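In terms of my numbering, the sequence shown opens at residue 249 and continues consecutively. We treat Cβ as the ideally placed atom computed from N, Cα and C, and that holds for glycine. As the structure is a computational prediction, the values presented were derived from the model and not from experiment.
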Amino acid sequence: MDIYLLPNERQALTDYRPPMHTKTIVVRLNLQYGPQAHAMDVQAGACLIGRDDDCRLKVDHRLVSRRHASIESVAGKFFLHDHSTNGTYVEERNQGKPVFVQREIYQLNGSGVISLGIEPRHNPGHLITFTLGFGG
């Protein structure tokens with residue numbers, strides 16, 4: 249005896265729902281060092297920070313390397329990569345105390361300050377402020 253499975257009408261059809269309208273959220277990182285400002289979105293290339301003329305944010309301080317650090321976007325998040333001998337301090341708002349990053353990568357969150365080579369409290373004139381923002 250042969251047994252056959254015949255699809256009924258419901259099995260033969262695929263339900264279709266029109267796509268939901270979604271709003272694109274743009275993640276942006278704003279950096280400020282004195283009069284220098286730089287805005288990055290997730291599509292931007294790396295932002296190099298240091299004493300070198302090729303740096304997007306040029307910081308002229310004795311403890312800052314020529315190519316001290318860079319900030320890059322990976323999967324919609326922003327990461328600071330320290331390339332220096334003296335390290336970098338990141339102090340996020342409401343964090344309490346700065347995190348020391350030396351030849352490591354650190355994810356930036358919210359807003360705060362970046363201090364190259366020296367703790368932020370000892371470096372008030374050379375702080376880089378950062379703010380992560382969202383837009384549509």
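A contact between stretches requires three or more CB pairs, one per stretch, nearer than 8 Å, and the region 347-364 fails this requirement with the region 282-295. Proximity to Pro372 across Lys345, Gln284, Glu320 and Val361 peaks at Val361, based on C-alpha coordinates. For the 9 Å CB-CB criterion, Tyr281 and His370 do not form a contact. Out of Gly324, Ala317, Lys325 and His331, the CA that lies nearest to the CA of Ile376 is found in Ala317.
In this structure, the CA atom of Val307 is about 5 Å from the CA atom of Gly298.
According to the DSSP secondary-structure assignment, Tyr281 is paired through a beta bridge with Gln284.
The straight-line gap separating the alpha-carbon atoms of Gly324 and Val347 is approximately 22 Å. An exposed status is given to Asp301, since fewer than 16 other beta-carbon atoms sit within 10 Å of its beta-carbon. Non-local C-beta neighbours of Thr336 in its own chain, meaning closer than 6 Å and more than five positions away in sequence, comprise Ala317, Asp330, Val349 and Leu364, ordered along the chain. The alpha carbon of Gln343 has as its nearest neighbour, out of Ser332, Glu320, Glu352 and Pro368, the alpha carbon of Pro368. Separation of the CB atoms of Leu305 and Phe378 is rounded to 10 Å, and the pair is thereby denied contact status at 8 Å.
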